[in-house]
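Colleague: Just so you know, we're using this note's numbering here: the sequence shown kicks off at 4 and counts up by one.
For each residue, glycine too, the CB sits at the ideal point set by N, CA and C.
Here's a structure for you.
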Amino acid sequence: DAVPFSAGSCPQGHNGEGCSTLPWPKNDEVGLHMLQSVSHQIRAKRAPGWQSGAEPLKILFIGNSFTYGPPPFDREDQKSLNNLPRLFKFVAESLGKQVIQEEDTIGGCTLERHLPSNNPEACTDASRCRPVDTFPRVNASLKCTMPQGITPVSPTYSPCPQKLLRQPHGPWDVIAVNDHSWSLPVSEIRRNYVHPALEELAEVLEHTAEQSRKAKPLLAMYMTWAYLNGVSFSTPTSGKTGCWTKGDPVALTYLSPGNWREKVKNFACQGYAIAQGAATTFSHGANVLVPAGLAWQAARGSPAIDPSCKQEVDEEYDMKPPLNLTLPLPPSRPELARWSGEQAGSLLYRDKGPNYTSKYSSSPDIHVDHHPSALGMYLNALVFYATLFESSPIGAGVPNGQVIDDMTLPTVDPEDAA
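What follows is the structure in C-alpha cells.
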C-alpha cells in the first residue's frame with residue numbers, strides 16, 4: 004500500500020527543481036494507518052485502469068469556493084483561479100495519469116443546493132430554478148440551471164448540477180464533494196444538510212451504476228481546513244441567501260450540543276472538529292475521505308490541540324471520535340513544516356490586499372481570508388492525488404502559468420513546493 008502522508012527528497016535523478024516534496028509526516032506507520040482509515044473501502048470498487056493511468060480518471064467536483072478557488076487581489080488575470088479541479092488534473096498528468104475533470108460550483112452554498120432532487124433536467128419553473136446563461140465559465144449551450152434565489156452570485160462560479168446525471172464523458176469514476184466550511188464541525192448542520200445530501204448522492208450513484216453496468220463511482224468527501232487562527236468572532240454568522248433552505252446555520256449551531264465557540268477557537272481546535280465531522284460521512288454514503296485539512300495541520304507544524312476543545316468535540320461522539328487517529332499527526336521532519344506560526348501560515352491563505360481588514364487575524368500586516376492561496380490549493384491537489392491514486396505525489400510538476408482546460412494556472416514558487 005502507498006503511504007499518502009510521506010515526505011522526502013525528490014525522486015532519483017531530480018535536483019529538487021520543478022518537483023514537489025510534501026510538508027507532512029514521513030512516519031510509515033502513521034501514513035498506513037491514515038490510508039487504511041480513509042480508503043480501505045475503495046480498493047475493490049475502483050473501475051479498472053484509471054488508477055494505473057491506462058484509462059483516464061473521470062472526476063466531477065461539486066462544491067463551493069473552496070473548490071473553484073477565487074484569485075488573490077493582485078493577480079493580473081482574475082480569470083486565473085486557484086482552481087482545485089485543474090490543479091489536480093495538472094498534478095496527475097505530470098505524474099503520468101490521465102484525468103477528465105468537470106466542475107459544478109456555487110460560492111457560499113451547501114452541498115444540498117447541488118442535489119438532483121433540487122435541480123431537475125430542463126427545469127422551466129422560474130420559482131424553482133434559474134437558467135445558467137450569465138456565468139462566463141459555463142457555456143450557455145449546455146442549458147444548465149441552478150436553484151432560484153441564490154444571491155449574490157459571481158462570474159467565478161461554474162454552476163451546472165445537471166452534469167452529475169448527464170455524465171458527458173461516460174460514467175463518472177469519482178464524485179468529489181465539499182460542503183460549506185461551517186458544516187462539518189456542527190452536529191445539527193451535519194444532520195440537516197451534510198448527511199442527507201451524501202445519502203441522496205450515494206443512492207443516485209448506485210442507480211446510475213446499475214443502469215450503466217459499470218462500477219459505482221466513488222463518493223469522495225473533501226475534508227477542508229481550519230481558518231488561520233480558527234474562528235475569532237464570538238457568534239456564528241448567518242448563511243448566504245438561498246443557500247440554507249433546511250435551517251439557518253446560526254440557529255442550528257445553537258441547537259447543537261456543546262460550546263461551539265470552544266470547538267473552533269483556534270486553528271488546531273477547528274481543524275480537529277472538522278476532521279471528526281468529516282469522518283462521520285463514512286456512515287452516510289462517502290467511500291473515501293480526502294484529508295486535505297490534516298495536511299494543512301501538518302504543514303503548519305501540527306500545533307497541539309487544547310484539551311478543553313478536544314473534550315467538547317469528543318463529547319459529541321460519546322467520547323468515541325469517529326476518526327480513529329491520534330491527532331494531530333506529528334511531522335517527523337519539523338523543518339518541512341515551514342508554515343507554522345501565524346505569519347508563515349498566512350501564506351496558505353488568499354491575500355485580499357492591504358485595504359482588507361482580515362477578520363482571521365489581528366495583525367495589521369496580514370490581509371488574508373479563509374480561502375486557499377495558490378500554494379494552499381496546490382497542497383490540496385497533492386492530497387487528492389495521494390488519496391485517489393494511492394501513490395506519492397513526490398515529483399509532481401509545479402504550476403507556473405500552464406493552461407489546463409482553457410484556464411491559466413497560478414504560479415507557485417518552486418522553493419515552496421520543494
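1) Could you check which residue in Gln54, Cys163 and Gly111 has the C-alpha nearest to that of Gly99?
2) Where does the unbroken beta strand (DSSP E) through Gln104 begin, and where does it stop?
3) Measure the alpha-carbon distance for Gly348 versus Gln314 and round it to whole angstroms.
4) I need the DSSP call for Pro73, collapsed to helix, strand or coil.
5) Is Leu326 near Gln273, with beta carbons less than 8 angstroms apart?
6) Checking 8 angstroms against the spacing of the C-beta atoms, do Ile109 and Pro162 come in under that value?
7) Can you round the beta-carbon distance between Pro119 and Gln104 to whole angstroms, since I take them to be within the 8 angstroms contact cut?
8) If you scan the region 242 to 328 from start to end, which runs of the alpha helix (DSSP H) of 4 or more residues do you find wholly inside it?
9) Quick one: what does DSSP say Asn85 is sitting in, helix, strand or coil?
10) Which residue marks the beginning of the beta strand (DSSP E) containing Arg353, and which one marks its end?
11) For Leu255 versus Asn181, is the C-beta spacing smaller than 8 angstroms?
12) How would you call Phe93, buried or exposed, if buried means at least 16 neighbouring beta carbons within 10 angstroms?
13) By Cβ distance, which residues of its chain are closer than 6 angstroms to Glu32, with the 5 residues on each side in sequence left out?
14) Please name the residue in Ser68, Asp176 and Cys312 whose C-alpha comes closest to that of Leu60.
15) Please determine, among Thr329, Ser186 and Met226, the residue with the shortest C-alpha to C-alpha distance to Val253.
16) Three Cβ pairs or more, each shorter than 8 angstroms: is that satisfied between the region 235 to 251 and the region 291 to 310?
17) Check Tyr225 in the structure and name its three-state DSSP category.
18) Can you round the beta-carbon distance between Gly332 and Leu297 to whole angstroms, since I take them to be within the 8 angstroms contact cut?
19) What does DSSP give as the partner residue(s) for Ala179 in the beta ladder?
20) Between His370 and Gly356, what straight-line distance do the alpha-carbon atoms span, to the nearest angstrom?
21) To the nearest angstrom, report how far apart Val386 and Ile397 are at their CA atoms.
22) Can you grab the Cα-Cα spacing for the pair Ala276 / Ser394, in whole Å?
23) Quick one: using the 10 Å Cβ neighbour count with 16 as the cut-off for buried, is Cys112 buried or exposed?
Modeller: On the basis of the data shown:
1) Gln54
2) Val102 to Thr108
3) 26 angstroms
4) coil
5) no
6) yes
7) Between Gln104 and Pro119 the Cβ distance is about 20 angstroms, and since that is not below 8 angstroms, they are no contact.
8) 252 to 258, 263 to 266, 270 to 282, 295 to 302 and 310 to 319
9) coil
10) Tyr352 to Asp354
11) no
12) buried
13) Note that Glu32 scores 38 on pLDDT, short of 50, meaning its location in the model is unreliable; the coordinates nonetheless yield the value given after this. If we look at Glu32 and ignore the five residues flanking it on each side, it has no Cβ neighbours.
14) Asp176
15) Ser186
16) no
17) strand
18) Sequence check: residue 332 is Leu here, not Gly. Right, the Cβ-Cβ distance comes to about 6 angstroms (below 8 angstroms), so this counts as a contact.
19) Phe64 and Ala223
20) 6 angstroms
21) 11 angstroms
22) 27 angstroms
23) buried
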